[in-house]
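Numbering (the numbering used here), first residue to last: 204 to 557.
Worksheet for the structure shown next.
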Ligand SMILES: Nc1ncnc2c1ncn2[C@@H]1O[C@H](COP(=O)(O)OP(=O)(O)OP(=O)(O)O)[C@@H](O)[C@H]1O
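Below you can see the structure in the form of structure tokens.
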């Protein structure tokens, strides 16, 4: 395999006494779209700032294109950062804003204008060259910020919550555009968000962060279908979590005892191991159409209509601490107060180390 474009090796960071990153290692491949996903305070922005050269890590190294960039200042490394607030110069034209970085590099006016026009065309704003930022919508300003970052042809584009200032509809639309632009230019993008839908829509490689550590990483489809940890199973989409203890392990099948009875499924953990079983909402069956694993009876609490489906919360009658989160068809007649059997199929249960 070729060397990674970005190689983060055992990076730790403390702000004063506060450990914010704890031994983070991560490789970024050329041309990839990487999402750093995690809750507020998990260290995503700090990691991005270390990549951009705005923060020097307390420990560890960052290599970009094989070069040790750990102590290289932002302007001297092959990265550019797009911030959430765009930071456009209000008095300058859009063309001037986009050409600004090139001006700093001493590029002549004619070349600057030509490159700025190309970059604007790339983000679908060819006609905005002479406008002022205030004449553009939020989404358009975002695209100008993107053009300004791309015009200097960085090896890596760093995006810190780039869609955070946009309303939900525009946000979803800009996600599609960002992905299309990234594929067109082929530059590696590293994008910070706490929005798991954004992560699934955009990432080739999704990095789930929690409390300064990488909990899970891989293609979003894999992270969703087979999350590596309990945190990942609940942060990247929702899951019902069921605690279990292995009673028996034989021929690749473990039988776990749980609050809703014993459940057999593929696995190899020895007897006595405590486990967490995770089940995605779309894999829980409420009512009589039974899956092959019975999960007991539950009392329906909330039923929330979400357009194409209903989100149903139900409390187990065997264990009031167990809450089932299920996705029912929009046409389902299930109502708050109903008592329903719950089941799923063994193949859909995700086995997590406790
Ligand atoms: N310059 C700083 N000085 C001191 N503490 C900081 C500084 N920057 C961040 N922190 C702290 O470091 C921790 C991680 O912050 P960071 O911004 O990296 O998290 P994040 O995952 O990006 O969160 P958010 O989504 O809220 O931006 C937080 O506890 C934060 O308060």
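Built from N, CA and C at the ideal position, the CB exists for glycine as well.
- Near ligand 1: residue 247 beta-carbon under 7 Å from a heavy atom: Taking the chain shown and counting its residues from 1, one reaches residue 247 at position 44. With a threshold of 7 Å, the Cβ atom of residue 247 counts as near ligand 1, since some heavy atom of the ligand is closer than that.
- Among the residues of its own chain, which have a CB less than 8 Å from the CB of residue 518, if the five just before and after it don't count? Your numbering for residue 518 matches position 315 in the chain shown. Setting aside the 5 residues that flank it on each side, residue 518 is surrounded in the same chain by 501, 502, 504, 525, 526 and 527, each with a C-beta closer than 8 Å to its C-beta; the list follows chain order.
- Item | Length at least 4, wholly inside the stretch 303-331: the alpha helix (DSSP H) runs in chain order | Those alpha helix (DSSP H) runs which fall completely within the stretch 303-331 and span 4+ residues are 312-325.
- Could you check where the beta strand (DSSP E) with residue 256 kicks off and where it finishes? Here residue 256 refers to the residue found at position 53 of the chain shown. Under the DSSP assignment, residue 256 falls outside any beta strand (DSSP E); it carries neither an H nor an E label.
- Task: Taking only the alpha-carbon atoms, compute the straight-line gap between residue 543 and residue 490 and give it to the nearest angstrom.
- Result: For the purposes of this step, residue 543 is taken as the residue at position 340 of the chain shown. For the purposes of this step, residue 490 is taken as the residue at position 287 of the chain shown. Answer to the nearest angstrom: the Cα atoms are 5 Å apart.
- Evaluate the contact criterion for the stretch 293-304 versus the stretch 232-241: three or more CB pairs, one atom per stretch, below 8 Å. The answer is no - the stretch 232-241 does not touch the stretch 293-304, with fewer than three Cβ pairs under 8 Å.
- Are the stretch 268-280 and the stretch 323-342 touching by the rule of at least three beta carbon pairs closer than 8 Å? With a cut-off of 8 Å, the stretch 323-342 and the stretch 268-280 do not count as touching, because too few Cβ pairs lie within range.
- Task: Taking 8 Å as the cut-off, decide whether the C-beta atoms of residue 472 and residue 452 are in contact.
- Result: Counting from one through the chain shown, the residue named residue 472 turns up at place 269. Counting from one through the chain shown, the residue named residue 452 turns up at place 249. Residue 472 places its beta carbon less than 8 Å from that of residue 452.
- Query: ligand 1 heavy atoms versus the CB of residue 435: any closer than 7 Å?
  - Reply: Position 232 of the chain shown, counted from the start, is the residue given in the question as residue 435. Not under cutoff, so the answer is no.
- Query: Roughly how many angstroms lie between the CA atoms of residue 255 and residue 209, to the nearest whole one?
  - Reply: As a first step, residue 255 must be located in the chain shown, where it is residue number 52. As a first step, residue 209 must be located in the chain shown, where it is residue number 6. The straight-line gap from Cα to Cα measures roughly 11 Å.
- Query: Excluding the five sequence neighbours on either side, which residues of its own chain have a C-beta within less than 6 Å of the C-beta of residue 535, listed in chain order?
  - Reply: By one-based count along the chain shown, residue 535 stands at place 332. The answer, listed in chain order, is 513.
- Closest residue to residue 352 among 387, 289, 339 and 266 (Cα-Cα distance): For the purposes of this step, residue 352 is identified with residue 149 of the chain shown, where counting begins at 1. Nearest C-alpha to residue 352 among 387, 289, 339 and 266: 289.
- Message: Nearer than 7 Å: is that true of the beta carbon of residue 221 relative to any heavy atom of ligand 1?
- Response: Taking the first residue of the chain shown as 1, we reach residue 221 at position 18. Annotation for residue 221 indicates a beta carbon within 7 Å of some heavy atom of ligand 1.
- Message: Relative to the C-alpha of residue 308, which candidate in 345, 532, 460 and 354 has its C-alpha closest?
- Response: Mapped onto the chain shown, residue 308 falls at position 105. If we check each option's Cα against that of residue 308, 354 comes out closest.
- Task: Taking only the alpha-carbon atoms, compute the straight-line gap between residue 382 and residue 390 and give it to the nearest angstrom.
- Result: Translated into positions along the chain shown, residue 382 becomes position 179. Translated into positions along the chain shown, residue 390 becomes position 187. C-alpha separation (whole angstroms): 11 Å.
- Task: Could you spell out the range, first to last residue, of the alpha helix (DSSP H) harbouring residue 346?
- Result: As a working note, residue 346 is residue 143 in the chain shown. In this chain, the alpha helix (DSSP H) harbouring residue 346 covers 341-353.
- Task: Give me the Cα-Cα distance between residue 494 and residue 340, rounded to the nearest whole angstrom.
- Result: Looking up residue 494 in the chain shown gives position 291. Looking up residue 340 in the chain shown gives position 137. Whole-angstrom Cα-Cα distance: 50 Å.
- Under 8 Å between the Cβ atoms of residue 244 and residue 224? Translated into the one-based positions of the chain shown, residue 244 becomes position 41. Translated into the one-based positions of the chain shown, residue 224 becomes position 21. No.
- For residue 218, verify whether its CB is less than 7 Å away from any heavy atom of ligand 1. Taking the first residue of the chain shown as position 1, residue 218 is located at position 15. At least one heavy atom of ligand 1 is nearer than 7 Å to the Cβ of residue 218, so yes.
- Query: Between which two residues does the beta strand (DSSP E) carrying residue 453 extend?
  - Reply: Within the chain shown, numbered from 1, the residue matching residue 453 stands at position 250. Under the DSSP assignment, residue 453 falls in the beta strand (DSSP E) whose first and last residues are 443-453.
- Task: Following the continuous alpha helix (DSSP H) through residue 377, name the residue where it begins and the one where it ends.
- Result: Against the chain shown, residue 377 aligns to sequence position 174. Segment 371-388, the alpha helix (DSSP H) holding residue 377.
- Query: Which residue's Cα is closest to the Cα of residue 553: 293, 436, 520 and 412?
  - Reply: Along the chain shown, read from residue 1 onward, the residue named residue 553 stands at position 350. A check of alpha carbon separations from residue 553 across 293, 436, 520 and 412 identifies 436 as the nearest.
- Message: Are there any heavy atoms of ligand 1 lying less than 7 Å away from the beta-carbon of residue 394, as far as the coordinates show?
- Response: The residue you call residue 394 lines up with position 191 of the chain shown. No - ligand 1 has no heavy atom lying nearer than 7 Å to the Cβ of residue 394.
- Task: Indicate whether the contact test is met: 3 or more Cβ pairs, each with one atom in the stretch 421-437 and one in the stretch 387-407, closer than 8 Å.
- Result: They touch, by the three-pair rule.
- Message: Please report the straight-line C-alpha distance between residue 227 and residue 478, rounded to a whole angstrom.
- Response: Along the chain shown, one-based indexing puts residue 227 at 24. Along the chain shown, one-based indexing puts residue 478 at 275. Looking at the backbone, the Cα of residue 227 and that of residue 478 are separated by about 26 Å.
- Task: Indicate, with yes or no, if ligand 1 has a heavy atom lying under 7 Å from the CB of residue 389.
- Result: Locating residue 389 in the chain shown gives position 186, counting from the first residue. Result no, Cβ not under 7 Å from ligand 1.
- Item | One or two residues paired with residue 236 in a DSSP bridge | Position 33 of the chain shown, counting from 1, holds the residue named residue 236. According to DSSP, residue 236 bridges with 392.
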